[in-house]
């Protein structure tokens, strides 16, 4: 049985909350929610974004979901 422990784990920035930034644009982006193990949408203002900010869900999962990489699955590997 594989577990998240087998993987090196996601980069530290994947545990950070989403950051809208100070600008007032309205871009839908994805962030990795380390609590749920899923990539979720948030509104990005367009400037001074942080690293947990992805153009699409696929890029988010590829970068942050070590369980998906190890098991070929999406989401929390507890199941």
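Residue numbers (the numbering used here): 1 to 79.
For glycine and all other residues, C-beta sits at the position ideal for the given N, C-alpha and C.
Every value quoted in this text rests on a predicted model; they were computed, and no experiment measured them.
Per DSSP, reduced to three states, the secondary structure at residue 39 is strand. For residue 29, the enclosing beta strand (DSSP E) has its first and last residue at 27-33. For residue 16, the closest alpha carbon among the candidates 44, 53, 46, 23 is that of 53. In terms of Cα proximity to residue 64, the closest of 32, 40, 43 is 32. In terms of Cβ geometry, residue 25 and residue 49 do not form a close pair [threshold 8 Å].
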